[in-house]
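Novice: Under my numbering, residues 1494 to 1583 are what the sequence shown spells out, in order.
We put the beta carbon where it would ideally sit given N, CA and C, even for glycine.
Treat the numbers as computed from the prediction; the structure is a model and nothing was measured.
Following this message is one structure expressed as structure tokens.
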Amino acid sequence: MQKDDNFKFPIAKAGSLVTNKTGSWRTIDIEVKKERCNGCGQCELLCPEGLIHFPEERVPSINLQYCKGCGICIEECPEGVFVLKSRVRD
């Protein structure tokens, strides 16, 4: 079998959701209980799309326009800062 150098895999690059909004099709939301946060930064480190950031006040902020709802932040947060919520359709 010959190798085809022009072949492109139909796989999106990591972090591709920052160019593809999920807000219109995502069925869940993630609520942030900021008062529980100890500022450890695990969520920021582990979010596969890089959508969690810590502004100056050291509480997490999630860009829900691009979040796919994988739940890694929920599972990995030692303080239970992130809570899964069903999304109500308009």
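How about threonine 1515 and lysine 1561: are their beta carbons less than 8 Å apart?
Specialist: Your numbering for residue 1515 matches position 22 in the sequence shown. Your numbering for residue 1561 matches position 68 in the sequence shown. Going by C-beta atoms, threonine 1515 is nearer than 8 Å to lysine 1561.
Novice: Could you tell me which of Thr1520, Ile1521 and Ser1554 sits nearest to leucine 1538, measuring between CA atoms?
Specialist: Residue mapping note: residue 1538 aligns to position 45 of the sequence shown, counting from 1. The shortest Cα separation from leucine 1538 among Thr1520, Ile1521 and Ser1554 belongs to Ser1554.
Novice: Report the three-state DSSP secondary structure of lysine 1514 (helix, strand or coil).
Specialist: On the sequence shown, position 21 is the one that residue 1514 refers to. It is coil, neither helix nor strand.
Novice: Taking the alpha carbon of cysteine 1570 as the point to measure from, which residue in Glu1550, Ile1521 and Cys1530 has its own alpha carbon closest?
Specialist: The sequence position of residue 1570 within the sequence shown is 77, counting from 1. Here the closest residue by C-alpha is Cys1530.
Novice: Isoleucine 1521: buried (16+ other C-beta within 10 angstroms of its C-beta) or exposed?
Specialist: The residue labelled residue 1521 in the question sits at position 28 within the sequence shown. Its Cβ having fewer than 16 others within 10 Å, isoleucine 1521 is exposed.
Novice: With C-beta atoms as the reference, is cysteine 1563 less than 8 Å away from isoleucine 1545?
Specialist: In the sequence shown, counting from the first residue as 1, residue 1563 sits at position 70. In the sequence shown, counting from the first residue as 1, residue 1545 sits at position 52. Not closer than 8 Å, so no.
Novice: For lysine 1527, does the three-state DSSP call read helix, strand or coil?
Specialist: The residue you call residue 1527 lines up with position 34 of the sequence shown. In the structure shown, the three-state DSSP call for lysine 1527 is helix.
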